[in-house]
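Numbering (the UniProt record's numbering), first residue to last: 1 to 528. C-beta: ideal position from N, C-alpha, C; glycine also. Nothing here was measured: the structure is a model prediction, and the numbers come from that model. What follows is a set of notes on a single structure, which appears directly below.
Right under this line is the structure:
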């Protein structure tokens, strides 16, 4: 039975914890006020309470042991271990409390084991002890999420038991900053070790091409594979006769300069993410691919580059959702728009997410032309979070409202006439500051989208973790002097008025200005 810890149960647990900090008089008052009410939490059976505790971080779980005699040992039967804040220190961190806590657990099975936190150059987290414990409890989901705060990478050793475990239960394996390699030569991996693994995430790990190939052969049920900034990879092949992979993500690591190629031949993959040099990415036999994140780097557009990218685009012409940056659009502009030729490859594309800056009027025209050449497009999002210019409030305080914007021959409008966006209904512009390029993009969207229903513009105002709904209501709360706040508000009003006066091709378009966007519209396609 899956138990979801809803807000009411969480409040009951928190009330118990708050009770610990009360004085005697406060306890008497609290008891008097609640004596007539049933203690729903205590009425639950131990099995249900243990499942509730399994949803909580371990520091809170252990604290429940002093609530009452009944609770003193209840935490030891939790089926979820979550150390989400590892001890951190510039000196040697003490991980012994974690080990002592694990020694006291009595549950025969741990469904989910998680350790997440930063480590320094002197930290020595007991990764082998943690992994051995989790495997001894027949863990289903194992996460070792280390984050290094030092420039020099450290890779922690994994126990040999990970490669000899025969439980056939492990389904999710997430590792970071570990040396992920098979056991010593001559010690083969048991055929049943990863026979149930469905998700494998390796980020900032030490990894070899042969290890990737080995896992693809051993992990027949594997459905999702993530390789993120791993060291030691050179020529990676994602292929195999029994491959069931439906989601693959790879962020190339260029730190060691050894990465040469990634080849994907996965007939069932429907979700694919690649970020890196496009000339190193080869795609073949992915007929059901629907969702693609493809972010290239700035490379010289020579003949070899052109031929390779043309072949790559031919392999992805059937996708319906794309996240992309300048690399693909610049290629399309050079090969098609500068010659006055429309680009009619992505006939099925319905959702486009652009990530990065638009540094010239020509870049804006190219993007809108690209969107116009996608006849099925219904939703777009443009995210300027890589924009190098100052955020809105800062640019006002520094006395300028324009980003560096290239002019000259390269910024002249391309000869291909930008067409209408016939089916576009929703457009979002995130991290908006009102720079010239952003205003040109907004104007073209309003002029070309004949069926646009919503245009949302979200201001970029400093700390992205602190957002509100109404920029004009909250802008004066940002700590600026009153006179400067008035200037900021006046400039915001001016930008808003300008946009509202733009010609609109769609009579039903609604324009919204705000500070808070919900990333779920992005994540619903690509996951976390």
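{"Item": "Buried or exposed (CB count within 10 angstroms, at least 16 for buried), residue 206", "Value": "buried"}
{"Item": "With 16 other Cβ atoms within 10 Å as the buried cut-off, status of residue 438", "Value": "buried"}
{"Item": "Residues near residue 443 in its chain [Cβ-Cβ closer than 6 Å; skip 5 each side]", "Value": "502"}
{"Item": "Inter-residue spacing [alpha-carbon to alpha-carbon] between residue 272 and residue 445", "Value": "28 Å"}
{"Item": "Cβ-Cβ separation, residue 308 to residue 345 (assumed contact under 8 Å), whole Å", "Value": "Incorrect: roughly 16 Å between the Cβ atoms, too far for contact."}
{"Item": "Chain B within 8 Å of residue 280, Cβ atoms only", "Value": "Among the protein chains of the structure shown there is no chain B, as only one such chain exists."}
{"Item": "Residue span of the beta strand (DSSP E) that contains residue 532, given as start and end", "Value": "This structure leaves residue 532 out entirely; the chain is present only between 1 and 528."}
{"Item": "Contacting residues, own chain, Cβ-Cβ under 8 Å from residue 179 (five flanking each side not counted)", "Value": "155, 156, 157, 158, 205, 206"}
{"Item": "Exposure of residue 363, with buried meaning 16 or more beta-carbon neighbours within 10 Å", "Value": "buried"}
{"Item": "Limits of the unbroken alpha helix (DSSP H) element including residue 98", "Value": "96-104"}
{"Item": "C-alpha distance - residue 434 paired with residue 495, whole-angstrom precision", "Value": "6 Å"}
{"Item": "Residue 385 to residue 164 span [Cα, whole Å]", "Value": "44 Å"}
{"Item": "Proximity winner among 489, 241, 507, relative to residue 448 (alpha-carbon distances)", "Value": "507"}
{"Item": "Sub-8 Å separation of residue 202 and residue 227 beta-carbons", "Value": "yes"}
{"Item": "Pair within 8 Å by beta-carbon distance, residue 144 and residue 176", "Value": "yes"}
{"Item": "C-alpha gap between residue 106 and residue 222, whole angstroms", "Value": "31 Å"}
{"Item": "Inter-residue spacing [alpha-carbon to alpha-carbon] between residue 387 and residue 356", "Value": "Low confidence applies here, because residue 387 scores a pLDDT of 47, under 50, leaving its location unreliable; read the following figure in that light. Residue 387 and residue 356: Cα-Cα distance of roughly 6 Å."}
{"Item": "Within the UniProt domain \"F-box\" (38-86), ranges of the alpha helix (DSSP H) (whole runs, at least 4 residues)", "Value": "40-43, 46-53, 58-63"}
{"Item": "Strand pairing of residue 351, partner residues [DSSP]", "Value": "321, 379"}
{"Item": "Check whether residue 459 and residue 512 have beta carbons under 8 Å apart", "Value": "no"}
{"Item": "Helix, strand or coil at residue 397 according to DSSP, with G and I counted as helix", "Value": "Because the pLDDT of residue 397 is 47, which lies under 50, any placement of that residue in the model is unreliable, and the question is left without a value."}
{"Item": "Distance between beta carbons of residue 333 and residue 366, contact taken as under 8 Å", "Value": "4 Å"}
{"Item": "Boundaries of the beta strand (DSSP E) in which residue 265 is found, first to last residue", "Value": "261-265"}
{"Item": "Assigned exposure category for residue 498 - 16 Cβ within 10 Å defines buried", "Value": "exposed"}
{"Item": "Segments assigned alpha helix (DSSP H), at least 4 residues, entirely inside the segment 281-344", "Value": "303-315, 326-335"}
{"Item": "Whether residue 46 touches residue 74 by CB criterion (8 Å)", "Value": "yes"}
{"Item": "Terminal residues of the alpha helix (DSSP H) in which residue 212 lies", "Value": "209-218"}
{"Item": "Cβ neighbours of residue 505 in the same chain (closer than 8 Å, five flanking residues each side left out)", "Value": "420, 446, 447, 448, 449, 450, 452"}
{"Item": "Beta-bridge partners of residue 274, as assigned by DSSP", "Value": "250, 294"}
{"Item": "Contact set for residue 547: own chain, Cβ-Cβ below 6 Å, skip 5 residues either direction", "Value": "This structure gives no information on residue 547, because the portion of the chain shown stretches from 1 to 528."}
{"Item": "Per-residue DSSP class, three states only, for residue 430", "Value": "strand"}
{"Item": "Residue 216 CB to nearest heavy atom of the ligand MG below 7 Å", "Value": "This structure lacks the ligand MG; in fact it carries no ligand of any kind."}
{"Item": "Residue from 337, 98, 426, 112 with nearest C-alpha to residue 87", "Value": "98"}
{"Item": "Pair within 8 Å by beta-carbon distance, residue 77 and residue 114", "Value": "no"}
{"Item": "Within 8 Å, strictly: CB atoms of residue 342 and residue 373", "Value": "yes"}
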